[in-house]
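Student: Heads up: the sequence shown begins at 50 in this note's numbering, then just goes up one per residue. Before we start, here is the structure in question, set down as structure tokens.
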Amino acid sequence: MQGLEEYMLPCLNKKLFGMECMGCGMQRSLSLLLQGEFGAAFNMYPAIYTLVLMFSVIAFNLFKSFKSANRIILILAIINAVIIITSFFIKTFSI
């Protein structure tokens, strides 16, 4: 898994404007998660667990539809948006 980082895409926003975007850290966080570094994955990108959960529900719903899937996906999407925006502002404006 160590060679995985050389295949990661660079952040275009960071390259052009010198400022991290709301998705910065997601690739590295997923890589850390796959390596079993759960705490480091959360510290890198706090929304990683709720994103994985949301995409798991979406994938499961593709194969086996269930009644409340849309409501669960909507709730997880809102939670993800709140976590992503909050962590972005904390990371950007913290001293």
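Ideal Cβ placement from N, Cα and C applies to all residues, glycine included. Every value quoted in this text rests on a predicted model; they were computed, and no experiment measured them.
1) In this structure, how does DSSP classify Gly-103 when only helix, strand and coil are distinguished?
2) Please list the terminal residues of the continuous alpha helix (DSSP H) segment that includes Ala-96.
3) Relative to the alpha-carbon of Thr-99, which residue among Ile-139, Ser-143, Gly-74, Ile-127 has its alpha-carbon at the smallest distance?
4) Pick out the complete alpha helix (DSSP H) segments inside the stretch 60 to 84, 4 residues or longer, and give them in chain order.
5) Does DSSP classify Lys-116 as helix, strand or coil?
6) Judging by CA-CA distance, which residue of Ala-118, Asn-92, Ile-107 is the nearest neighbour of Gln-76?
7) Using beta-carbon positions only, say whether Ile-132 and Ala-96 come within less than 7 angstroms of one another.
8) Going along the chain, which residues of its own chain have a beta-carbon closer than 8 angstroms to the beta-carbon of Cys-60, five neighbours each way excluded?
Tutor: Taking the definition as stated:
1) The question names Gly, but residue 103 in the sequence shown is Met. The answer is helix: DSSP assigns Met-103 an H, G or I state.
2) Where Ala-96 is concerned, there is no enclosing alpha helix (DSSP H), given that its DSSP letter is neither H nor E.
3) Ile-127
4) With a minimum length of 4 residues, the continuous alpha helix (DSSP H) runs that stay inside the stretch 60 to 84 are 61 to 66, 75 to 83.
5) coil
6) Closest by alpha carbon: Asn-92.
7) yes
8) Glu-69, Cys-70, Gly-72, Cys-73
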